[in-house]
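Residue numbers (the working numbering): 981 to 1139. Glycine included, every Cβ here is placed at the ideal spot set by N, Cα and C. Following: one structure in structure tokens, then a few remarks.
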């Protein structure tokens, strides 16, 4: 099992660690507006977090989620054209919770209350550069691989 995850906003990479050794890296996309913790900022929160909840176990690739619930839709080009402004949350959700009171937990800086996730995105979504509304986007196959190696409570460090 993975003992922690490191997310580099600068490098746009998510790194899995086992026994303090990096064992896997994935390209990601963090917030277009950069790093920040404030509610409503659309920034990616920094600091110590943990996986609070894991959603979407056994859902097919490209399952569409709204408010953490599968909608019954499977993402495709026709759906994308029908809803061009939608921020697609696909396949799996790893809901993050801040661990540092006053920095990313409680009040106006609460990561969990901001609904910050690691989640899948459309295959044509540009990774390795900022582009999200605060969440950490991954390729669908990558988020499934990650999902299968972690559990609630896994530490996530965003730097």
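Hey, quick one: how far does the alpha helix (DSSP H) through residue 1123 stretch, first residue to last?
-> 1120-1127
Below 7 Å CB to CB, which residues in the same chain sit around residue 1021 once its five sequence neighbours on both sides are set aside?
-> 1013
The beta strand (DSSP E) enclosing residue 996, as first and last residue numbers | 993-998
Under three-state DSSP, which class holds residue 1022?
-> coil
What is the DSSP secondary structure of residue 1033, reduced to helix, strand or coil?
-> strand
Other residues of its chain near residue 1069: CB distance less than 6 Å, five sequence neighbours each side excluded | 1045 and 1099
Quick one: what does DSSP say residue 1111 is sitting in, helix, strand or coil?
-> coil
Count the other CB atoms within 10 Å of the CB of residue 1026; is the residue buried (16 or more) or exposed (fewer)?
-> buried
When DSSP builds the beta bridges, which residues end up paired with residue 1136?
-> 985 and 1029
Euclidean distance between Cα positions of residue 985 and residue 991 = 14 Å
Residue interval of the alpha helix (DSSP H) (run including residue 1059) | 1057-1062
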